[in-house]
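The block underneath contains the structure these notes are about, expressed in structure tokens.
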Amino acid sequence: MTRHHVYITTTIPYVNARPHVGFALELVQADVLARHHRRRGDHVRLQAGTDDNALKNVQAAERAGVPVQEFVDRNAAAFVALHRPLTLSVDDVIHTGRDPRHRAGVERFWRACEASGDLYRKHYEGLYCVGCEQFYAPAELDDGRCPEHGTTPQRVAEENWFFRLSRYADRLHDLIESGRLRVEPAERRNEVLSFIAGGLEDFSVSRSVARARGWGIPVPGDPGQVIYVWWDALGNYLTALGYGTDDADLRRWWSAADRRVHLVGKGVVRFHAVYWPAMLLSAGLPLPTEILVHGYLTADGRKISKSGGNTVDPTALVDAYGTDAVRWWLLREVPRVGDADFTHDRLIARADDELANGAGNLVNRVISMIHRYRDGRPSALPGPGGRPPALPGSDGRLGDEVVVACERAPALVDAALGAFDFRAATEAVRAIVDAANRFVNQVRPWELARAERAGDRDAGRRLDAVLAVSLDACRTLGAELSPFLPDAAERVARQCVVVDGRLPAPSPVFARLARR
Ligand SMILES: [Zn+2]
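When the sequence shown is numbered by our numbering, its final residue is 812 and no position is left out of the sequence of numbers.
Structure, rendered in structure tokens:
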């Protein structure tokens with residue numbers, strides 16, 4: 297088996313506020329991909345971080361009456377504090393405001409693009425949304441307002457550094473259209489292609505120190521200017537690997553890596569699929585291989601926002617419902633394209649239906665039956681290769697269905713995650729539970745046990761086979777669930793391990809959440 301090097305990144309959030317559940321979505325998706333690749337034997341680095349150098353951080357700190365660094369550090373810590381409750385397998389975190397790797401790398405990147413002749417100074421006037429940290433053309437606004445924030449952008453006029461984006465339009469178009477730079481889903485790729493086809497203009501990559509309130513990384517050789525926060529932030533994907541400080545990691549995880557995967561929200565596609573690849577081309581560096589774009593979460597039908605008063609704190613959700621239920625909802629209900637609406641009722645219903653009543657019930661009843669009928673001692677799966685012989689009567693077909701669901705799951709999960717489709721991937725795992733629960737309901741092992749007690753030895757043999765097939769389904773469930781719900785997967789797996797000839801006593805794998 298070839299062991300690939302796979303580098304997976306999340307975007308680095310602004311730390312102007314505490315994290316909400318929308319960002320938890322991206323973290324969980326990235327974690328699932330990382331765990332999936334590790335399971336398949338790949339070398340994986342899952343990278344996270346925080347975007348400390350934004351003007352909106354400065355403004356939020358001023359509103360809070362807290363020194364900027366203190367404010368930024370406090371919120372940055374709140375983002376990192378999500379990793380444990382969400383069971384994230386993050387390998388490294390970079391804080392752009394204080395990590396010594398970052399500034400050195402951003403400066404090197406700047407100089408590399410300067411050496412390519414892609415940076416120049418120009419007077420500029422434009423409409424700037426501080427919320428987005430980006431200039432908008434008048435045609436891009438909704439009634440003069442930012443399409444993301446609904447706020448009126450401010451008019452800014454100053455002399456800035458510009459990046460020659462226009463020079464890269466044709467190459468970017470070819471790279472994306474040919475799939476050498478994959479943008480998923482296709483709907484997003486098409487948006488990017490039509491944006492490029494509409495013509496790319498050079499963009500401003502610095503601002504005056506005064507407008508940046510002295511916060512951020514100065515332009516090398518021009519201390520009156522601060523590097524544009526998006527330039528600075530995008531650089532984190534390289535500076536975290538030691539670009540500018542340690543070339544060995546950079547080679548392993550970027551230049552020579554098999555896959556360089558960015559997970560991003562739909563609002564920042566342009567930065568990642570247009571600006572960033574052009575910057576990399578200019579600096580002479582390889583591009584990401586994939587940009588995977590997710591939609592947004594709404595809460596109770598409204599966009600999640602502090603001003604809307606409907607932020608949903610992911611840590612509070614985990615406290616209330618547990619990690620598995622929160623991860624499961626994010627993975628099951630958010631579509632591949634488009635947004636999903638979060639409500640507590642939906643989370644509870646999904647977890648109770650599919651986890652407690654589905655997977656939990658299956659594991660519990662199978663382990664309980666093996667204790668009741670076989671004193672906790674399962675018989676081995678009969679037949680060559682672990683595949684049971686056809687069971688007599690209608691049971692045979694049903695048993696086959698369970699075996700097929702188990703056998704198909706790994707390839708289905710591979711394909712679905714390859715297509716960035718978390719719903720389809722979790723559905724393949726859920727299909728095991730469905731098939732196995734249906735099987736148990738239809739073969740009615742308790743009737744086989746009764747017949748066996750009445751002296752029917754054939755019924756006893758069939759009961760052994762039924763329990764073996766069911767236990768095998770539980771084991772497969774434990775294995776296949778692991779990238780999605782690592783905690784629950786471990787509980788399921790533990791229930792299926794024979795110690796000194798016996799299975800552990802049955803204990804619930806999932807608690808029911810709904811109050812009855
Ligand atoms: Zn905006």
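Positions of the beta carbon are idealized from the N, C-alpha and C atoms, including for glycine.
Would you say residue 450 and residue 432 are within 8 Å of each other, going by their C-beta atoms?
As a working note, residue 450 is residue 154 in the sequence shown. As a working note, residue 432 is residue 136 in the sequence shown. Their beta carbons are not under 8 Å apart, which means residue 450 does not touch residue 432 by this criterion.
Under 7 Å from any heavy atom of ligand 1, does the C-beta of residue 561 make it?
Within the sequence shown, the letter at position 265 stands for residue 561. Residue 561 Cβ: outside cutoff for every heavy atom of ligand 1.
Bridge partners for residue 480 per DSSP, in chain order?
Counted from its first residue, the sequence shown places residue 480 at position 184. Answer by DSSP bridge pairing, in chain order: 588.
Determine the burial state of residue 586: buried for a count of at least 16 other Cβ atoms within 10 Å of its Cβ, exposed for fewer.
Position 290 of the sequence shown holds residue 586. Buried.
Quick check on the DSSP output: the alpha helix (DSSP H) that includes residue 398 runs from which residue to which?
Here residue 398 is taken as the residue at index 102 of the sequence shown, counted from 1. First-last of the alpha helix (DSSP H) with residue 398: 396 to 411.
So is the beta-carbon of residue 427 under 7 Å away from any non-hydrogen atom of ligand 1?
As a position in the sequence shown, residue 427 is number 131, starting the count at 1. Yes; taking the cut-off as 7 Å, the Cβ of residue 427 has a heavy atom of ligand 1 nearer than that.
Excluding the five sequence neighbours on either side, which residues of its own chain have a C-beta within less than 7 Å of the C-beta of residue 774, listed in chain order?
For this step, residue 774 is matched to residue 478 along the sequence shown. Result list for residue 774: 785, 788, 789, 792, in chain order.
Since I believe residue 341 is in contact with residue 539 (beta carbons under 8 Å), could you give me their beta-carbon distance rounded to a whole number of angstroms?
As a first step, residue 539 must be located in the sequence shown, where it is residue number 243. As a first step, residue 341 must be located in the sequence shown, where it is residue number 45. Beta-carbon to beta-carbon, residue 539 and residue 341 are separated by about 14 Å, too far to satisfy the 8 Å threshold.
Quick one: Cα of residue 363 to Cα of residue 780, how far?
Indexing the sequence shown from 1 puts residue 363 at position 67. Indexing the sequence shown from 1 puts residue 780 at position 484. Answer to the nearest angstrom: the Cα atoms are 39 Å apart.
Decide yes or no for the touch test of the region 573 to 580 against the region 465 to 485: beta carbon pairs closer than 8 Å, at least 3 of them.
yes
Kindly indicate which three-state DSSP category residue 612 falls into: helix, strand or coil?
For the purposes of this step, residue 612 is taken as residue 316 along the sequence shown, with counting starting at 1. In the structure shown, residue 612 sits in a helix (DSSP, three-state: H, G or I).
Once you ignore the five residues that flank residue 480 on each side, which residues in its own chain have a CB closer than 8 Å to its CB?
Stepping through the sequence shown from its first residue, residue 480 is reached at position 184. Only 586, 587, 588, 589, 715, 716 meet the Cβ criterion.
Excluding the five sequence neighbours on either side, which residues of its own chain have a C-beta within less than 8 Å of the C-beta of residue 401, listed in chain order?
Taking the sequence shown and counting its residues from 1, one reaches residue 401 at position 105. Result list for residue 401: 531, 534, 535, 538, 539, 540, 541, in chain order.
Note down the Cα distance separating residue 453 from residue 608, rounded to an integer number of angstroms.
What you label residue 453 is simply residue 157 of the sequence shown in a count that begins at 1. What you label residue 608 is simply residue 312 of the sequence shown in a count that begins at 1. Computed Cα separation, rounded: 38 Å.
The beta strand (DSSP E) spanning residue 416 covers which residue range?
Residue numbering aside, residue 416 sits at position 120 when the sequence shown is read from its first letter. It spans 415 to 425 - the beta strand (DSSP E) in which residue 416 sits, taken as one unbroken run.
To the nearest angstrom, how far is it from the Cα of residue 612 to the Cα of residue 358?
Position 316 of the sequence shown, counted from the first residue, corresponds to residue 612. Position 62 of the sequence shown, counted from the first residue, corresponds to residue 358. One C-alpha to the other measures close to 27 Å.
Nearest by alpha-carbon distance to residue 410: which of 515, 506, 372, 420 is it?
As a first step, residue 410 is located in the sequence shown; it is residue number 114 there, counting from the start. Cα-wise, what sits closest to residue 410 is 515.
Does the count of Cβ pairs from the region 477 to 493 and the region 374 to 390 closer than 8 Å reach three?
no
With DSSP run on the structure shown, which of helix, strand or coil describes residue 346?
In the sequence shown, counting from the first residue as 1, residue 346 sits at position 50. Reduced to three states, the DSSP call for residue 346 is strand.
Considering only DSSP beta bridges, list what residue 599 is partnered with.
Within the sequence shown, numbered from 1, the residue matching residue 599 stands at position 303. For residue 599, which the question treats as bridged, DSSP gives the partners 594.
If you run the structure through DSSP and keep just helix, strand and coil, what is residue 644?
Position 348 of the sequence shown, counting from 1, holds the residue named residue 644. Three-state DSSP puts residue 644 in a helix.
For residue 811, collect the residues of the same chain with a Cβ closer than 7 Å to its Cβ; drop the 5 residues on either side in sequence, then sort them by chain order.
Working through the sequence shown from its first residue, we reach residue 811 at position 515. None.
What does the alpha-carbon distance come out to for the pair residue 302 and residue 550?
Reading the sequence shown from its first residue, position 6 is the one you call residue 302. Reading the sequence shown from its first residue, position 254 is the one you call residue 550. About 9 Å.
Any heavy atom of ligand 1 within a distance shorter than 7 Å of the CB on residue 444?
Along the sequence shown, one-based indexing puts residue 444 at 148. Yes, ligand 1 has a heavy atom inside 7 Å of this Cβ.
Use the C-beta contact count for residue 776: other C-beta atoms within 10 angstroms, 16 or more gives buried, fewer gives exposed.
Taking the first residue of the sequence shown as 1, we reach residue 776 at position 480. By the neighbour-count rule (16 or more Cβ atoms within 10 Å), residue 776 is buried.
Exposed or buried, which one is residue 614 when buried takes at least 16 other CB atoms within 10 Å?
The residue you call residue 614 lines up with position 318 of the sequence shown. Buried, since its Cβ has 16 or more Cβ neighbours within 10 Å.
If the criterion is Cβ atoms closer than 8 Å, does the pair residue 762 and residue 658 meet it?
Residue numbering aside, residue 762 sits at position 466 when the sequence shown is read from its first letter. Residue numbering aside, residue 658 sits at position 362 when the sequence shown is read from its first letter. It is not a contact, given that the beta carbons lie outside the stated cut-off.
DSSP state of residue 393, grouped into three classes?
Position 97 of the sequence shown, counting from 1, holds the residue named residue 393. Three-state result, residue 393: coil.
In or out: residue 733 buried (at least 16 other Cβ within 10 Å) or exposed?
The residue given as residue 733 occupies position 437 in the sequence shown. It is buried - the Cβ of residue 733 has at least 16 other Cβ atoms within 10 Å.
As a quick exercise: from 300, 794, 322, 448, pick the residue whose alpha carbon is nearest that of residue 307.
Here the question's residue 307 lines up with position 11 in the sequence shown. For the residues 300, 794, 322, 448, the minimum Cα distance to residue 307 belongs to 322.
In terms of alpha-carbon separation, which member of 552, 319, 332, 664 lies closest to residue 344?
Your numbering for residue 344 matches position 48 in the sequence shown. Here the closest residue by C-alpha is 319.
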